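In our numbering, the protein residues as written are -18 to 109.
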C-alpha cells in the first residue's frame, strides 16, 4: 500500500533549494602574454550541444542537453536527466574575436581567446 506517491511534487524541494545550478559549469580562466585561456568542465555534453558566442569582449558559453524520450519499456522511479541548460558569461576586454579557438578533451572545454593590442585612445587637447 502506498501512502505517499513516489513522484510526489515536493520530493526534491529542499534537495534543489541549496544547489546553485548557475555554477554547475565550473570554469578556470588564466592569461599569458598573447591570450586568455578558459577551461570549463562540461561532462556529458557533446560538442554539438555547446554554443560559444563572442560579443564586444564578452564570451558566452551555453550548453543544452535534451534527453530523447524513446524509453518506452523503462519504468522510471526518478528522472533528472531529461533536460539541462547552462550558461556562463565572462567579460575579457580587448580580444581578437576572429581567431578564437575551442576544443573539448576528457569532459573539459578549452577556449583560447587571443588578446588584441590595446589602441591608444587617449588624446591631449591643446589649450588656446
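Here a beta-carbon is modelled for each residue, glycine too, at the ideal position from N, C-alpha and C. Here the structure is a predicted model, which is why all the values come from computation and not from measurement.
Boundaries of the beta strand (DSSP E) in which residue i is found, first to last residue
| i | result |
| --- | --- |
| residue 68 | 64 to 72 |
| residue 22 | 16 to 22 |
| residue 31 | 31 to 36 |
Cα-Cα separation between residue i and residue j, rounded to whole angstroms
| i | j | result |
| --- | --- | --- |
| residue -2 | residue 62 | Since pLDDT at residue -2 reaches only 47, below the 50 mark, its modelled position is unreliable, and no value is offered. |
| residue 17 | residue 46 | 27 Å |
| residue 90 | residue 102 | 35 Å |
| residue 58 | residue 30 | 27 Å |
| residue 84 | residue 64 | 23 Å |
| residue 95 | residue 106 | 33 Å |
Option nearest residue i by Cα separation, candidates the options
| i | options | result |
| --- | --- | --- |
| residue 75 | 7, 6, 12, 69 | 12 |
| residue 78 | 30, 35, 107, 72 | 35 |
| residue 67 | 56, 108, 73, 25 | 25 |
| residue 15 | 73, 88, 104, 105 | 73 |
| residue 41 | 55, 54, 80, 70 | 70 |
Contacts around residue i, its chain only, beta-carbon distance under 7 Å, and the 5 residues preceding and following it disregarded
| i | result |
| --- | --- |
| residue 99 | 75 |
is_contact[residue i, chain B] using C-beta, thresh 9 Å
| i | result |
| --- | --- |
| residue 88 | Among the chains in the structure shown there is no chain B, since it carries only a single protein chain. |
Supposed contact pair residue j and residue i - C-beta distance, whole angstroms, cut 8 Å
| i | j | result |
| --- | --- | --- |
| residue 32 | residue 21 | Wrong, their Cβ atoms sit about 13 Å apart, outside the cutoff. |
| residue 93 | residue 82 | 5 Å |
| residue 44 | residue 23 | 6 Å |
Close beta carbons around residue i, own chain, < 8 Å, minus the five adjacent residues each side
| i | result |
| --- | --- |
| residue 97 | 75, 76, 77 |
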